[in-house]
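Taken in order, these protein sequences are the chains called A, B, C and D.
End of the first sequence sits at 165 in my numbering; the numbers just go up one at a time, nothing left out.
End of the second sequence sits at 560 in my numbering; the numbers just go up one at a time, nothing left out.
End of the third sequence sits at 333 in my numbering; the numbers just go up one at a time, nothing left out.
End of the fourth sequence sits at 1492 in my numbering; the numbers just go up one at a time, nothing left out.
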Amino acid sequence: MSERSAARRLMGVWALLMLLLALTVGSAFLPLGVGNTLLSLLIAAAKASLVVAFYMHLRTGSAPLRLIASTGLLWLLLLIMLTLADTLTRPSVSAPW
Amino acid sequence: MTVTPSYLGGVRRLRDWLLTRDHKRIAILYLVSITVFFFVGALAIALVRLELFTPEGDVLTAETYNKAFSVHGILMVWFFLIPSIPATLGNFLIPLMIGARDLAFPRLNLLSWYIYTLGGAFTLYALLAGGVDTGWTFYTPYSTFFSNSHVFAAAAGVFVVGFSSILTGLNIVVTVHTLRTRGMHWFRLPLFVWALYATSAILLLATPVLAMTLVLMASERLFGVGIFDPALGGDPLLFQHLFWFYSHPAVYIMILPAMGVASEVITCFSRNPIFGYRMMAYAILAIALIGFMVWGHHMFTSGQSMYAGMVFSLLSFLVAIPSAIKVFNWTATLYRGEIHFDAPMIYALGFVGLFLIGGLTGLFLAALALDVHLTDTYFVISHFHYIMVGGSVMAYIGGIHFWWPKITGRRYPEFWARFAALLMFFGFNLTFFPQYILGYLGMPRRVHEYAPEFSVLNVLSSAGASLLAVAYILPLFYLGWSLRKGRRATANPWNATGLEWRTSSPPPPLNFAEQLPEVSEGPYAYDPDPQRGHL
Amino acid sequence: MKGWNWFPAGASHWAGGYDTLFFFMLALSGIAAVAVITTAVGFMFRYHHRRRVHRLGTASFQRILEYSWIGIPLLLFIVVFLWAANLYADLFFPPAGAMPVYITGKQWMWKIQHANGRREYDELHVPAGRPVVLVLTSEDVIHSLSLPALRIKRDVVPGRYTKIWFQADRPGSYHLFCAEYCGASHARMTGRLVVLPPDRFAAWLGEGEIPSLARAGEALFRQHGCSGCHGANASVRAPPLEGVFGKPVALSDGTTVVADERYIRDSILLPRKEVVGGYEPIMPSFRGQLSEAEIFKLIAYVKSLGEVPTP
Amino acid sequence: MKDPTPTTRIRNVATSESEVRDPLRRQEHAAALGMWLFLATETLFVGALFAAYLLVRITHPQGFILGSRETDIVLGTLNTAVLLTSSLTMALAVDRQRVDMTRAASRWLMITAVLGLIFLGIKGLEYTLDWRHGLVPGLHFEPVGGQARGMELFFFLYFMMTGVHALHLFLGIGLVGAFAAMLQRGRLGAGNPAPIENLGLYWHFVDVVWIFLFPLLYLVHRT
């Protein structure tokens, strides 16, 4: 891969990021209810993946690096999911009086 | 005997120690500092046990008592147990065991000791300025709005020392990944290295959550507003979730390295390869992984939802499986071995026995209904002391004995070491076994007065504690004595197989004289002496 | 040695079930511990380095051994898990008609109110043979109400209600502890659980002239000016409270909640959090003006509005 | 010295460590590994805040919507664009350093640092406006309308999250500036891309955190 094309790819990614930014800001004004949050998080995930894959070179990174990167994320999900397991199923105390 | 230069020799200025990048010297720095904190924490609990000698609150005021157990918890957990094996034995041994000249980031290693010292300074400040009375758990809203003690300084100390843990963990993981010598495949690593690797992973993944939780708690205390505040519709249980997400895996930070030490010692003194090496390695990884998913078992009565309780309870039973595997495999390692009862072996076997009891009583606490009555009583105290003190501290001191010849180049006096090990074992049981019964009888923890019917068991416990104190002080004397007067140690006094025994005692500054050793088979290539064995 | 008793019998049916499981576990882990320790000590003697025994080769059935000591504990664990979970779930479902008692933890005392208005401090009187449900909250930090004779305990959390129920069977006087560290006098936040035979309890409950909890709530309702807006002929438009309790309420943001204790408590303390649809968020917060014990009374009053009109 | 160890098991080899593996490659690998581990740690550090955010938001959905509407979406979007652009310039700097164009790399680093400073400037402006509007919990909080408690919790988290992010960025700017200066002076010269690459990893990570902060804080529900 020539130097020029490498730089061009980085700029292409930037353009995509900007596009996604415009999209997410625009979507915030649509009345989608909880869909707003889901959509904007989806877009955020797409943006983050672009940065991680291209700017942080994880696309070409070695196996241990990918393992470590995904471990951080996985553990965060563990924290969130298991805490949710409590808060979402916690009943407010039902009527004894 | 050829004179090989050792890492201890050379110029003996203080600067050469305080600015060293040699992992072995940094390990000694850690050894000295954690010993200091251990005895400060022990002093605090000595006061507690003295108070509990009688049912009335007659020795300490309630406030002083609360500060004493809080300081005991904070110092013992973060300034002794968590760095104990990883930062001393781990630091010293990992490069030697995998055939490297140092850790991957020697400067970072020194930095992490300085960060540890800084964190210790904060905590000592909190202690000297009047103490902290939140317990080591810093539960909100007590810690945020109600305690009048030095919560900020203590939390800052814990926050800072967390970074030292993170850096140590990072260093160990990178070292194991990149600096294994030729032929040292993953499944040729000693189990001690496996254990430290898993421990480091936990340190890296859990500690940051604690750090942020403490930041949130401190901001809430500072600004009078925050997400744990029930008055604002915040949730105090959220603090507990975040706190235990760290603090339950922290238990495995304390016990996994101890398991590593036990594995090394037991194979060596039964002259047998470890039973089921791969299973042991997988068990370590399984404990590290599942250990992250069980924290809610600290909250079965906290108002956590019943369904979450069931998930956490089931997972807690699952994490007991790999722990059970380890106990069985250590036992099986003795089979057809050639068992020597040197002091490290007594410590290691003591570790297995106490860990077994601690683990089995852990099952009581994992069982939902049983926990309802037992939690927050002395049953819990006894359970985790069996794991952390009976388990980790026994193994730590045993490990110190096992590698003492390597670290110092001297032999310790065997008689005294065996005596201290046995005294520790009996003292420990006398101290903590009565506490199981106290817990079942319902005596709550963290009280400085108690109902008179609990007094017999408390007197037994306090008596045991004084034996235990003697057992912990003894090694200071005889190990100190051996530094000057002990017999000189050969490179491999135990006839053990690890790479660390392939270099001189104490090792040269770059660990291995000229070339790094190469490995062509797994660890623990022990054979019971056939001449002794044949009938 | 007063009251020396190593294994005190439980004072409730649930405690009996608890002890059965506890001693089953004790037996199970005792067997496991003895088996492992005997084996290990046996090996230590047999394979002591000075003994001349056969040492060549290790166990050839390693796989089977390893799988069996994964499988057998797993099975046992699942049995214990199910048993304990089942027992635990019991605590969350009080039988209909359980007698409520309202308990507020406060540094460092227990304030206890019965439905008929009878109040007591640090002593909890309950009748034998009748289910009792404790509704718990805290004025300040987290406490934990521990009743060892009943083998139960529940944390008392500020800002929300937790509850636990029991049916004591054996009249007597038992320990009541605070089990969650709550500050300087945590150790002295103790009391007694007094289980009385039903007739003596009824007598105890009726001592003295006391307004019921709902009546006391009604007084507070007027005293704090709630009736000025929520009353029948109020000038300010506020949602009427008659018949609200336990029913779904449509909120201004389009969602619906059930008007349970939490909702009413939040409406008093955080009135703008969930506003009833069609009403302006104008209600002031009563934070700091009402104690948790008083909120218990107000909720009892609101609840009584849903039933037959108060006499 | 009499050595009782069975020497057959482990033999010393005549090759030195450097012949086993290329030490420079190994150092680079170690550095990248260390950096990624650090970032995994950081993920959980800021992740704890994200978890707290999610759990508090579940209990106060309305408060978070109203709180989010009080944030300045124009400045927020602008800032996101600035930060994404700084990631581009940082990636270009790494790219240049890889092909030993240290001057160009240094220039891109300078631009990155300036973009970082612009971000902090805009953030500071936002904070000032928040103060004027009485949106700072604990110090100056006078919200308009209902949902005051939920909004207060929202803004508490808003300041914690953006504050922790800004602190990371602040450190990043310092490091980027220092590395740019080192490149200028010819230290860290050609053939040594690893330090800049790791610096880049850190910078991009800070960017990724913002990518998630932005929708959670600014875009909860605008209609």
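Don't be surprised by glycine CBs; every beta carbon is placed ideally from N, CA and C.
Please read all numbers here as calculations on a predicted model, not as lab measurements.
Practice task
Please decide whether Leu214 (chain B) counts as near chain D, where near means a Cβ-Cβ distance under 7 Å.
Solution key: no
Problem - Straight-line Cα distance separating His210 (chain B) from Thr203 (chain B) - result: 11 Å
Practice task
Determine, using beta carbons only, whether Ala74 (chain A) comes closer than 7 Å to chain D.
Solution key: yes
Practice task
With a threshold of 16 other CB atoms inside 10 Å of the CB of Trp165 (chain A), please say whether the residue is buried or exposed.
Solution key: Unreliable positioning characterises Trp165 (chain A) in this predicted model, as indicated by a pLDDT of 42, which lies under 50. A coordinate reading is not provided.
Practice task
Tell me, please, whether the CB atom of Thr329 (chain B) is closer than 7 Å to any CB atom in chain A?
Solution key: What sits at residue 329 (chain B) in the sequence shown is Gln, not Thr. Yes - at least one Cβ of chain A is within 7 Å of the one on Gln329 (chain B).
Handout entry: Reduced DSSP category for Leu273 (chain C) - H, G, I as helix; E, B as strand; rest coil
Key = strand
Exercise for the section: Kindly identify the DSSP beta-bridge partner or partners of Ile364 (chain B). Expected result: C:His70
Practice task
Check each candidate in A:Leu135, A:Arg76 and A:Ser117 and name the one with the smallest Cα separation from Leu88 (chain A).
Solution key: A:Ser117
Handout entry: Reduced DSSP secondary structure (H/G/I, E/B, other) of His197 (chain C)
Key = strand
Handout entry: Members of the segment 294 to 313 of chain C that neighbour chain D once the beta carbon cut-off is set at 7 Å
Key = Arg294, Lys295, Val297 and Pro303
Exercise for the section: State the Cα-Cα distance for the pair Ala345 (chain B) and Val218 (chain B), rounded to the nearest angstrom. Expected result: 22 Å
Handout entry: Euclidean distance between Cα positions of Val330 (chain C) and Ala322 (chain C)
Key = Since pLDDT at Val330 (chain C) reaches only 45, below the 50 mark, its modelled position is unreliable, and no value is offered.
Handout entry: Buried versus exposed call for Val258 (chain C) [16 or more other C-beta atoms within 10 Å across all chains shown]
Key = exposed
Exercise for the section: For Asp282 (chain C), decide whether its Cβ has a neighbour in chain D, counting only Cβ atoms nearer than 7 Å. Expected result: no
Problem - Proximity to Phe264 (chain B) [Cα-Cα], best of B:Val377, B:Ser327 and B:Thr79 - result: B:Ser327
Problem - Amino acids of chain D, ordered along the chain, whose beta-carbon sits closer than 7 Å to that of Pro132 (chain A) - result: Leu1302
Exercise for the section: Consult DSSP for Ala125 (chain B) and reduce its assignment to one of helix, strand or coil. Expected result: coil
Exercise for the section: Quick one: residues in its chain with C-beta nearer than 6 Å to the C-beta of Arg141 (chain C), no 5 flanking neighbours on either side, listed in chain order? Expected result: Gln135
Exercise for the section: Might you give, ordered along the chain, the residues of its own chain that have their beta carbon closer than 6 Å to the beta carbon of Gly301 (chain B), omitting 5 neighbours on each side? Expected result: Asn354
Exercise for the section: Taking only the alpha-carbon atoms, compute the straight-line gap between Ala1459 (chain D) and His1437 (chain D) and give it to the nearest angstrom. Expected result: 28 Å
Handout entry: Cβ of Met69 (chain A) within 7 Å of any chain D Cβ
Key = For Met69 (chain A), the predicted model reports a pLDDT of 48, less than 50, meaning its position is unreliable and no value from the coordinates is stated.
Handout entry: Gly93 (chain C): CB within 6 Å of a non-hydrogen atom of the ligand MN
Key = With respect to small molecules bound, the structure shown includes none, and the ligand MN cannot be examined in it.
Practice task
Identify the contact partners of Met66 (chain C) in chain B, using a Cβ-Cβ distance below 7 Å as the criterion.
Solution key: Leu359 and Ile364
Problem - Selected residue, minimal CA-CA separation from Gly144 (chain B), among B:Thr528, B:Asp158, B:Gly187 and B:Trp42 - result: B:Gly187
Exercise for the section: Taking only the alpha-carbon atoms, compute the straight-line gap between Thr1274 (chain D) and Ile412 (chain B) and give it to the nearest angstrom. Expected result: Low confidence applies here, because Thr1274 (chain D) scores a pLDDT of 40, under 50, leaving its location unreliable; read the following figure in that light. For Thr1274 (chain D) and Ile412 (chain B), the distance between alpha carbons rounds to 35 Å.
Practice task
Measuring only between beta-carbons, confirm whether Thr128 (chain A) sits less than 7 Å from chain B.
Solution key: no
Exercise for the section: Can you tell me which of the three DSSP states Ala206 (chain C) falls into? Expected result: coil
Handout entry: Test item: CB-CB of Ala1382 (chain D) and Ile1442 (chain D) under 7 Å
Key = yes
Handout entry: Proximal residues to Ser1287 (chain D) (C-beta, below 8 Å), its chain only, five neighbours per side dropped
Key = Unreliable placement is indicated for Ser1287 (chain D), whose pLDDT of 33 sits below 50; the coordinate value is still reported in the next sentence. Here the set comprises nothing.
Practice task
Could you pull the start and end residues of the alpha helix (DSSP H) that His1298 (chain D) belongs to?
Solution key: Pro1292 to Thr1328
Problem - Cβ pair count under 8 Å reaching 3, the segment 190 to 200 of chain B against the segment 136 to 155 of chain B - result: yes
Problem - Neighbour list for Phe1499 (chain D) in chain B, Cβ cutoff strictly below 7 Å - result: Since the first residue of chain D shown is 1270 and the last is 1492, residue 1499 (chain D) is not available in this structure.
Exercise for the section: On a CA-only basis, which of B:Leu448, B:Thr165, B:Leu133 and B:Ile107 is nearest Ala496 (chain B)? Give me that one, please. Expected result: B:Leu448
Practice task
Indicate whether Ile1391 (chain D) and Asn1461 (chain D) have their beta-carbon atoms separated by less than 7 Å.
Solution key: no
Handout entry: At least 3 beta-carbon pairs within less than 8 Å: the segment 298 to 307 of chain C vs the segment 259 to 270 of chain C
Key = yes
Exercise for the section: Evaluate Pro219 (chain C) with the Cβ neighbour count: other Cβ atoms within 10 Å of its Cβ, from every protein chain shown; 16 or more gives buried, anything less gives exposed. Expected result: exposed
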